[in-house]
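Each residue of the sequence shown is one higher than the last, beginning at 139 in our numbering.
Here's the structure we're looking at; comments come further down.
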Amino acid sequence: MQFAEADTMRAKSMQERLIVGLDVPTLKEAEKAVRELEGAVSFYKIGYQLAFAGGLDFARELASGGIKVFLDMKLLDIDNTVAKGVENIVRMGVTMLTLHAYPKTMKAAVEAAKGSELCLLGVTVLTSMDEQDMIDAGYEYDPHTLVLRRSEQALHAGMGGIVCSAEEAEAVRRIVGPDMAVVTPGIRPAGSDHGDQKRVVTPAQAIRNGSSHLVVGRPVVAAPDRRAAAEAILAEMRSA
């Protein structure tokens, strides 16, 4: 009985750590995906594509129904604009919000979210970027070095977590400690197409590296059987 209970708790824990990206063009398709994944997935990411097709109201609807929402807006603006945006996002009831991990931006967001349950995530370096992309963008740091620098800054700003590649999760975890979220996109099941991602890791390796949450979009929503795809990823996570 004890072993069965432990297995059930671990299954639930992994389910809460899988975030499926609703990277679809219409609200109708997002609603269909959520229906198909009911019972297997309890956490969804809404980014730009869906946000500008009715996704913000959908995020409120999901949150009011007890489903966790990761709002991937990657905010970056002057301090006051960021703060006012965060104040309204708090009222939406979502679970997580991303902003670029610039020190002033993080400080403004943390102050605006104070007293709420919103977990603010600092985006370090996009997983679609490699060292050449960083050079082209004018950065003096390679991706790994910049991820670690921004992780330290996020910790000092009082952020709830970090978004980084699972390749860097182990090093980030050593910096931020056990309590901050380490959210890793660019997750691809073994043998799957990498798409436009350049720094990718399998679900099991991401868990072993110290990721608290895995963000998986196309491998689930573009799959012929979305539920089977999500359950296969959960199985990989539990095998870690």
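For each residue, glycine too, the CB sits at the ideal point set by N, CA and C.
All values reported here derive from a predicted model rather than from experimental measurement.
DSSP on A275, reduced to helix/strand/coil? As a position in the sequence shown, residue 275 is number 137, starting the count at 1. Looking at A275 - three-state DSSP - the assignment turns out to be coil, as it is neither helix nor strand.
Helix, strand or coil at T236 [DSSP, three-state]: Here the question's residue 236 lines up with position 98 in the sequence shown. Strand, per DSSP.
CB-CB under 8 Å to K212, same chain, minus the five flanking residues each way: which ones, in chain order? Counting from 1 along the sequence shown, the entry for residue 212 is found at position 74. Result list for K212: T236, L237, H238 and V261, in chain order.
Counting only runs of 3+ residues fully inside the segment 181 to 230, write out the beta strand (DSSP E) ranges in chain order. 181 to 184 and 206 to 213
Mind pulling the beta strand (DSSP E) runs of 3 or more residues that sit fully within the segment 255 to 312? 257 to 261 and 299 to 301
Report the CB separation of A292 from I300 in whole angstroms; it is logged as a contact under 8 Å. The residue labelled residue 292 in the question sits at position 154 within the sequence shown. The residue labelled residue 300 in the question sits at position 162 within the sequence shown. With a Cβ gap of about 6 Å, A292 and I300 count as contacting.
Are S377 and A344 close, meaning C-beta to C-beta below 7 Å? Translated into the one-based positions of the sequence shown, residue 377 becomes position 239. Translated into the one-based positions of the sequence shown, residue 344 becomes position 206. Their beta carbons are not under 7 Å apart, which means S377 does not touch A344 by this criterion.
With respect to the beta strand (DSSP E) encompassing A319, which residues constitute its N-terminal and C-terminal limits? Translated into the one-based positions of the sequence shown, residue 319 becomes position 181. If you look at A319, you'll find it in the beta strand (DSSP E) that goes A319 to T322.
For the putative contact between L200 and Y182, defined by C-beta atoms under 8 Å, what is the C-beta separation to the nearest angstrom? Counted from its first residue, the sequence shown places residue 200 at position 62. Counted from its first residue, the sequence shown places residue 182 at position 44. At roughly 6 Å, the Cβ-Cβ gap stays under 8 Å, so L200 and Y182 are in contact.
Using DSSP with H/G/I as helix, E/B as strand and the rest coil, what is L156? In the sequence shown, the residue the question calls residue 156 occupies position 18. The answer is strand: DSSP assigns L156 an E or B state.
Burial state of D210 (16 or more Cβ within 10 Å): Within the sequence shown, residue 210 is the residue found at index 72, counting from 1. Label assigned to D210: buried.
Could you name the residues of the same chain whose beta carbon sits closer than 8 Å to that of I371, not counting the 5 residues immediately before and after it, in chain order? Mapped onto the sequence shown, residue 371 falls at position 233. Contacts found: L156, I325, P327, P341, L352, V354, P357 and V358.
Strictly by DSSP, which residues pair up with E176? For this step, residue 176 is matched to residue 38 along the sequence shown. In the DSSP output, where bridge partners are listed per residue, E176 has V179.
Under 7 Å between the Cβ atoms of V320 and R311? Here residue 320 is taken as the residue at index 182 of the sequence shown, counted from 1. Here residue 311 is taken as the residue at index 173 of the sequence shown, counted from 1. Yes, these two residues count as a Cβ contact at 7 Å.
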